[in-house]
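Colleague: In this note's numbering, the protein residues as written are 5 to 483.
Cβ coordinates follow ideal geometry from the N, Cα and C atoms, glycine included.
Please read through the structure below; I'll follow up with questions.
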């Protein structure tokens, strides 16, 4: 099929539509002698038979190994410039009790951004002193809970939060460690970044006010300013954007450090992963070293010591470890310019993976229950929801004989799929299963229709009526 406007420019017709691009799938994913996809030592068909589909599958060994590799990369990079580092797992990517244990056992701290995420981290046994608490609109109750729990750092996101956190800490008789989130004016995504003078977004404070607000934080006896924090974007494939951001932050850091030691610099996360065979992220070891060298160079230029560094990877740890399994329901060939596209409809969709609909995200799909030697056909994997934008995989190739009943797998779904899952059209959210060395276990229970009905209070009302009924006279006066 010739390339047309209907086919993304990066997408190439594969020589083998059964092949698994190694940078996209969990490291040990492979096909067995029968052609079945094997994850964590278990055939996908066995997982589907046991747990049903849609099904989130997380390769536990893969996730643990990625956490350890990323920590080792940043520790080595920090040591090369004579400093140390704290690596936080960004829980917003995917948070559960099991995942908290995996990353903390690997030596990572945990980053949360809501009271709910904080509750999960604490209930999972995470050391409160190794938790960072983000959020652009933390409630007073959330701040009080974080202070009472002994959270190691609260990231102050706005001017008003300075007083809120200071007051909560003072009332609790504590000195709360904080970071100040600053917008460096650097926007990064994939392998590109844009440096601008101002940032128009909901997170953080302007770079121009960093010294002023840092000084105000220091005026409160109940606050201890650890350092500045910045997050420049997501799916970043190299260190250039981080280096530019660090250079900008270090001017404010140096000014504050000259007044009193400022021990840390947190440069956030956003390290990218491969979703398709066209994606080629720089190895994390090179990214970490590039950032560390940029920080060291900037500190030398400003005449200040290299601070302790901190980072917050999430997607790069859990994303590639995740695969979602679906069962094909229908296959519908549709004519397009230059040929045909096959709409492969599956039993999930935007309720279990909203990223394609929200961000136009690309994914990779492969047959999971068999291999086929039929020629590749252009496919679009569609969900079951009553929404034309309900697309899971916008464009990829599957064997031409893909058919109802086939099991298909979508790669790199460990991050921001379960986290964004929803009940659109009253579809229950799938379970999450961890696989390791031939053993599978549920780490997040799936929902049932009974769960959805149980939340509907109107179904419990007497005579089927709502608990609160507007008076007839009042209704009659409405225009």
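Leaving out the 5 sequence neighbours to the left and right, which residues in its chain are closer than 6 Å to residue 90 when beta-carbon positions are compared?
Modeller: Correct list, in chain order: 113 and 314.
Colleague: At a cut of 8 Å, does the stretch 37-50 reach the stretch 239-257 through at least three beta carbon pairs?
Modeller: Short answer: they don't touch.
Colleague: Residue 105 and residue 129 - do their beta-carbons sit closer together than 8 Å?
Modeller: Yes. Within cutoff.
Colleague: Between which residues of its own chain and residue 233 is the CB-CB distance below 6 Å, once the five residues before and five after are set aside?
Modeller: So the list reads 159, 183, 185 and 270, once near-sequence residues are dropped.
Colleague: Counting C-beta neighbours from all protein chains within 10 Å, is the total for residue 115 16 or more, i.e. buried, or is it exposed?
Modeller: Looking at its Cβ environment, which holds 16 or more other Cβ atoms inside 10 Å, residue 115 is buried.
Colleague: With burial defined as no fewer than 16 other Cβ atoms inside 10 Å of the residue's Cβ, what is the status of residue 87: buried or exposed?
Modeller: By the 10 Å Cβ count, residue 87 comes out buried.
Colleague: Flag this pair as yes or no: are the beta carbons of residue 321 and residue 243 separated by less than 8 Å?
Modeller: Going by C-beta atoms, residue 321 is not nearer than 8 Å to residue 243.
Colleague: Measure how close the beta-carbons of residue 27 and residue 278 come, nearest whole angstrom, since I'm counting them as under 8 Å.
Modeller: Their Cβ separation, rounded to whole angstroms, is 4 Å, which keeps residue 27 and residue 278 in contact under 8 Å.
Colleague: Does the Cβ-Cβ distance between residue 338 and residue 347 come in under 8 Å?
Modeller: Cβ distance < 8 Å, so residue 338 and residue 347 count as in contact.
Colleague: Distance, Cα to Cα, residue 311 vs residue 17?
Modeller: Spanning the two alpha carbons is a distance of roughly 48 Å.
Colleague: Which residues mark the beginning and the end of the alpha helix (DSSP H) in which residue 171 is found?
Modeller: First-last of the alpha helix (DSSP H) with residue 171: 163-176.
Colleague: So residue 436 and residue 93 are in contact, right, with Cβ under 8 Å, and what is the actual spacing, rounded?
Modeller: Residue 436 to residue 93, Cβ: 16 Å. No contact.
Colleague: Nearest by alpha-carbon distance to residue 83: which of 23, 227 and 289 is it?
Modeller: Comparing Cα positions, the closest option is 289.
Colleague: Residue ranges of each beta strand (DSSP E) run of no fewer than 3 residues wholly in the stretch 357-443, ordered along the chain?
Modeller: Listed in chain order, they are 369-371, 380-386, 395-403, 411-415 and 436-440.
Colleague: Any idea what DSSP makes of residue 127, helix, strand or coil?
Modeller: Three-state DSSP puts residue 127 in a helix.
Colleague: Exposed or buried, what is residue 459 when buried is set at 16 or more other beta-carbons lying within 10 Å of its beta-carbon?
Modeller: Per the 10 Å Cβ criterion, exposed.
Colleague: Output the distance between the C-alpha atoms of residue 364 and residue 404, rounded to the nearest integer angstrom.
Modeller: Approximately 25 Å between the Cα atoms of the pair.
Colleague: In whole angstroms, what separates the C-alpha of residue 14 from that of residue 326?
Modeller: Distance between the alpha carbons of residue 14 and residue 326 is about 23 Å.
Colleague: Using C-beta distances below 6 Å, list every residue in its chain close to residue 30, excluding the 5 sequence neighbours before and after it, in chain order.
Modeller: Taken in chain order, the residues that qualify are 63, 66 and 325.
Colleague: Please report the residue range of the alpha helix (DSSP H) in which residue 219 lies.
Modeller: Here the alpha helix (DSSP H) through residue 219 covers 214-222.
Colleague: Counting along the chain, where does the beta strand (DSSP E) carrying residue 328 start and finish?
Modeller: Residue 328 -> beta strand (DSSP E) spans 326-340.
Colleague: Thinking just about the alpha-carbon of each residue, which of 194, 225, 219 and 418 is nearest to the one in residue 177?
Modeller: Measuring from the Cα of residue 177, the nearest candidate turns out to be 225.
Colleague: Just confirm the distance between the C-beta atoms of residue 349 and residue 333, as a whole number of angstroms; I'd bet it's less than 8 Å.
Modeller: That belief holds up - the Cβ atoms of residue 349 and residue 333 are roughly 5 Å apart, short of 8 Å.
Colleague: To which residues does DSSP link residue 312 through a beta bridge?
Modeller: Per DSSP, 268.
Colleague: Might you give, ordered along the chain, the residues of its own chain that have their beta carbon closer than 7 Å to the beta carbon of residue 79, omitting 5 neighbours on each side?
Modeller: Contacts found: 89.
Colleague: Would DSSP call residue 233 helix, strand or coil?
Modeller: Residue 233: strand per DSSP, three-state reduction.
Colleague: Using 8 Å as the threshold, is the C-beta distance between residue 22 and residue 447 below it?
Modeller: Taking 8 Å as the Cβ cut-off, residue 22 and residue 447 do not qualify as a contacting pair.
Colleague: Using three-state DSSP, classify residue 28 as helix, strand or coil.
Modeller: DSSP places residue 28 in coil when its eight states are reduced to three.
Colleague: Measuring straight from C-alpha to C-alpha, what distance separates residue 145 and residue 45?
Modeller: Each residue's Cα considered, the two are about 45 Å apart.
Colleague: Please work out which residues of its chain come closer than 8 Å, Cβ to Cβ, to residue 272, disregarding the five sequence neighbours upstream and downstream, and give them in chain order.
Modeller: The answer, listed in chain order, is 233, 234, 235, 236, 315 and 316.
Colleague: Could I get the ranges of all uninterrupted alpha helix (DSSP H) runs contained in the stretch 12-94, with 4 residues as the minimum, in chain order?
Modeller: Correct list: 48-55 and 64-84.
Colleague: Give a yes or no on whether the minimum CB-CB distance between residue 152 and chain D is below 8 Å.
Modeller: Chain labels in this structure do not include chain D; a single protein chain is all it has.
Colleague: Can you tell me which of the three DSSP states residue 199 falls into?
Modeller: Looking at residue 199 - three-state DSSP - the assignment turns out to be strand.
Colleague: Return the chain-ordered list of same chain residues with a C-beta closer than 7 Å to the C-beta of residue 188, the five sequence neighbours on each side being excluded.
Modeller: The residues are 211, 234, 236, 249, 252 and 253.
Colleague: DSSP three-state call for residue 482: helix, strand or coil?
Modeller: No answer about residue 482 holds up, because its pLDDT of 36 lies below 50 and its placement is not dependable.
Colleague: So which of 143, 43 and 425 has the shortest CA-CA distance to residue 451?
Modeller: It is 425 whose Cα lies nearest to the Cα of residue 451.
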